[in-house]
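Engineer: The opening position of the sequence shown corresponds to residue -11 in this note's numbering, with each subsequent residue numbered one higher. Just so you know, even glycine gets a beta-carbon here, dropped at the ideal spot from N, CA and C.
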Amino acid sequence: MDSKTLLDRYIQLAGKLGGKYLVEGDMVHLYIPRENLVKAASTLFNEYRLTHRTCVAIDERPLNGFFTLTHIFTDDSSRLYVLVKTYLEGDNPVAPSIVGEVPAADWCELEAMDLLGIQFEGRRRERLVLPPYWPDGVYPLRKEFSYDQRLNLHVVSEKIEQAEETGVPVPIGPYHPALHEPEYFELYVEGERIVDVKYRGFHVHRGIEKLAETRMTYQQVNFLAERICGICGFEHSTCYALAVEKAAKLDVPERAQFIRSIVLEVERLHSHLLWLGVAFHTLGYDAGFMHMWRIREKVMELAEALTGSRKTYGINMVGGVRRDINEEKRKKTIEVLNELEREFSKIIDVAISVPQVKKRLTGTGVLPKEWAVKLGVEGPVARASGIDRDARRDLPYAAYKYASFKVPVYTEGDNMARALVRVDEVKESMSIIIQLLDAIPRGPIMLDKYEIPEGRIGVQVVEAPRGGDVHYVLTGNGKPYRWRVRAPTYNNIPALRIMLRDQSLADAPLTIASIDPCFSCTDRILVIRENERVERISFNRGVPL
């Protein structure tokens, strides 16, 4: 279908369901009555085959007297964002759950329950973000809740609920010498076979979204966004800046957009090389681990040369970037990448063919395409299961429209396929950087003057190494009224229940690592301040994956 035909079908859907619509650039806003929300979501997801990215709940009572719930879909074939919004009345809002039709919406509905007190028809309340001892009726993202509000919390131990299947529970985490971040998986096994999985996350809470809408200016949030993740923070700061720029309709200098794409690909290189090294280490192939990290060190030095820092670059701003790339840096980068490409190709072909590596990767941790679609998985996890989706190509941003690259797609859905997607992307990233350096235009790198009007919406997906980052911004007076962040791991963790079932217990660490999980990205929401010292800490009850 052409773009006009696609727009017409969304407009017709809104009319058919008694709603309204608004088209702004690449965003289609559908305002649907709550009683028809499930029908709208089902049509978009199951009939039109759109991708459900996340949902965002907002306390808009100071603006219009309502809570609102917006489900964010993307039409990747037509480069459109489709936002389905419904208004919810009262101080105890109730919304229809769309999980029965759109399984990918599971976690974002639970989050809306926890943080804004929205109840969903047809599903019981389950804690996702908040601990079990959090007091009822206190919702951190409601406007009356102060960021530094102190609560008297009675901390109690709570045992994780038994999984649906029988089996002996084997806990992994949340603190363990083999883990780099706090995460808790409870694997249920019969002999050496995994029969079910429970996951409990959100141990790392930093108040990022609440902090942005209460204490920070638009520009300050750029630096907060980059600290969401220690590996791909630049993707988050870029995603945030692009969302604000879209909301304010800012025309950012083209040279700045080129610099963003170049640094984004440098970050993809170091992230994928890090993952490949960790994967080899997990398999006991430490020669591969050391070679991958030796090569990665050159990428880290390149990042420092381009931005002034090996990590957390601090160059993104709303309206452009703070660091330019001169001719000397351009030539040096091309020289380093040409050397890197030769060295990587030579080593990776050997490493991936080591018999023990090949055997452990092949046929393990399989995620069928059907489940990958239902759960809305992102990045290499999706592309390894036959989903041909990449926001750099499908929802182009920054300077990606000026680069030619292939999106690697495999159909096996196993650990080997996820590894090969990353191997191919390393090679493509080197090519993208060189293309953009050769074509980078002259000109300024930052807007001199601009305004950000209130009440505007911007949504952006940026393809991070792990998959699509999603940032939603509703503009306010000098700062975001609401900023919603959804990292790719947020969508990929639920798929582990499918990937781990009927697998050998020995393959669990590798399969968990195969999604390249970032729990820091995922656990981003709130800070708990307590008056009394906590004597015992417990895990929240497990969320079925």
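Here's the rule: buried if 16 or more other CB atoms are within 10 angstroms of the residue's CB, otherwise exposed. What is Asn304?
Structural biologist: buried
Engineer: From Lys317 to Ser419, what does the alpha carbon distance come to, in whole angstroms?
Structural biologist: 17 Å
Engineer: Using 10 angstroms around the beta-carbon of Met101, count the other beta-carbons present and answer buried if the total reaches 16, otherwise exposed.
Structural biologist: buried
Engineer: What is the DSSP secondary structure of Gln107, reduced to helix, strand or coil?
Structural biologist: Gln107 sits in a strand when the DSSP states are folded into three classes.
Engineer: Within 10 Å of its beta-carbon, does Gly276 have 16 or more other beta-carbons around it, so buried, or fewer, so exposed?
Structural biologist: buried
Engineer: In whole angstroms, what is the alpha-carbon distance linking Leu57 and Val369?
Structural biologist: Approximately 28 Å, taken between the alpha carbons.
Engineer: Around the Cβ of Val354, are there at least 16 other Cβ atoms within 10 angstroms (buried) or fewer (exposed)?
Structural biologist: buried
Engineer: Which residue comes first and which comes last in the beta strand (DSSP E) that contains Ile182?
Structural biologist: 181 to 188
Engineer: When you compare each of Gly13, Phe108, Tyr388, Cys96 to Ser249 by their alpha carbons, which one comes out closest?
Structural biologist: Tyr388
Engineer: Residues in its own chain within less than 7 Å of Gly6 by CB, not counting five upstream and five downstream?
Structural biologist: Pro21, Asn24
Engineer: Which word fits Met404, buried or exposed, when buried means at least 16 other C-beta atoms lie within 10 angstroms of its C-beta?
Structural biologist: buried
Engineer: How should Tyr163 be labelled, buried or exposed, when 16 other C-beta atoms within 10 angstroms of its C-beta is the threshold for buried?
Structural biologist: exposed
Engineer: So, helix, strand or coil for His191, using DSSP?
Structural biologist: coil
Engineer: Could you tell me the alpha carbon to alpha carbon distance between Ile525 and Val117, rounded to whole angstroms?
Structural biologist: Caution is warranted here: a pLDDT of 27 is assigned to Ile525, below 50, making its placement in the model unreliable, and the coordinate value is therefore given only provisionally. Going by the C-alpha atoms only, they are around 15 Å apart.
Engineer: For His59, is the classification buried or exposed, using 16 other Cβ atoms within 10 angstroms of its Cβ as the cut-off for buried?
Structural biologist: buried
Engineer: Tell whether a beta-carbon distance below 8 Å holds between Val232 and Gly13.
Structural biologist: Going by beta carbons, Val232 and Gly13 fall outside the 8 Å limit.
Engineer: Quick one: complete beta strand (DSSP E) runs, 3+ long, within the segment 403 to 488?
Structural biologist: 445 to 452, 455 to 463, 468 to 474
Engineer: State the start and end residues of the unbroken beta strand (DSSP E) segment that holds Cys227.
Structural biologist: Segment 221 to 236 is the alpha helix (DSSP H) holding Cys227; no beta strand (DSSP E) there.
Engineer: Quick check on Leu68 - is its C-beta less than 8 Å from some C-beta in chain D?
Structural biologist: Absent from the structure: chain D. Only one protein chain is present.
Engineer: For Ser85 and Leu175, I'd like the C-alpha separation in whole angstroms.
Structural biologist: 28 Å
Engineer: Residues in its own chain within less than 7 Å of Asp412 by CB, not counting five upstream and five downstream?
Structural biologist: Cβ within range, chain order: Pro396.
Engineer: Please classify Asn465 as buried or exposed, where buried requires at least 16 other C-beta atoms within 10 Å of its C-beta.
Structural biologist: exposed
Engineer: Here's a check: name, in chain order, each residue in its chain whose Cβ is nearer than 6 Å to the Cβ of Cys96, leaving out the five neighbours to either side.
Structural biologist: Excluding sequence neighbours, Cys96 sits near Thr42, Cys43.
Engineer: Would you check if there are 3 or more beta carbon pairs closer than 8 Å linking the segment 60 to 68 to the segment 119 to 127?
Structural biologist: no
Engineer: Under a three-way DSSP split, which group does Met204 fall into?
Structural biologist: coil
Engineer: Tell me which same chain residues have a C-beta within less than 8 Å of the C-beta of Ala407, skipping the five on either side of it?
Structural biologist: Leu264, Ala267, Ile340, Leu349, Ser502
Engineer: Leu256 lies in the alpha helix (DSSP H); which residues open and close that run?
Structural biologist: The sequence shown places Arg at residue 256, rather than the Leu named in the question. Counting along the chain, the alpha helix (DSSP H) containing Arg256 begins and ends at 242 to 270.
Engineer: Only counting the same chain, and skipping five residues up and downstream in sequence, which positions put a Cβ closer than 6 Å to that of Glu520?
Structural biologist: Confidence at Glu520 is low in this model, with a pLDDT of 35, below 50, so its placement is unreliable and the value that follows should be read with caution. So no residue of the chain qualifies.
Engineer: Taking only three categories from DSSP, how would you classify Ser492?
Structural biologist: strand
Engineer: To the nearest angstrom, how far is it from the Cα of Gln0 to the Cα of Leu425?
Structural biologist: 44 Å
Engineer: Thinking C-alpha only, which one of Leu141, Ile46, Leu139, Val183 is nearest Pro157?
Structural biologist: Val183
Engineer: Among residues of its own chain, excluding the 5 on either side of Ala291, which ones have a beta-carbon nearer than 8 Å to its beta-carbon?
Structural biologist: Val251, Val254, Glu255, His258, Ser297, Arg298, Lys299, Tyr301
Engineer: What are the boundary residues of the alpha helix (DSSP H) that His40 is part of?
Structural biologist: His40 -> not in any alpha helix (DSSP H); beta strand (DSSP E) instead, spanning 39 to 48.
Engineer: Which class does Pro356 belong to by DSSP, given the choice of helix, strand or coil?
Structural biologist: coil
Engineer: If I follow the unbroken beta strand (DSSP E) through Val365, where does it start and stop?
Structural biologist: Per DSSP, Val365 belongs to no beta strand (DSSP E) and is neither H nor E.
Engineer: Start and end of the beta strand (DSSP E) containing Thr295?
Structural biologist: Counting along the chain, Thr295 falls outside any beta strand (DSSP E), though it belongs to the alpha helix (DSSP H) covering 274 to 295.
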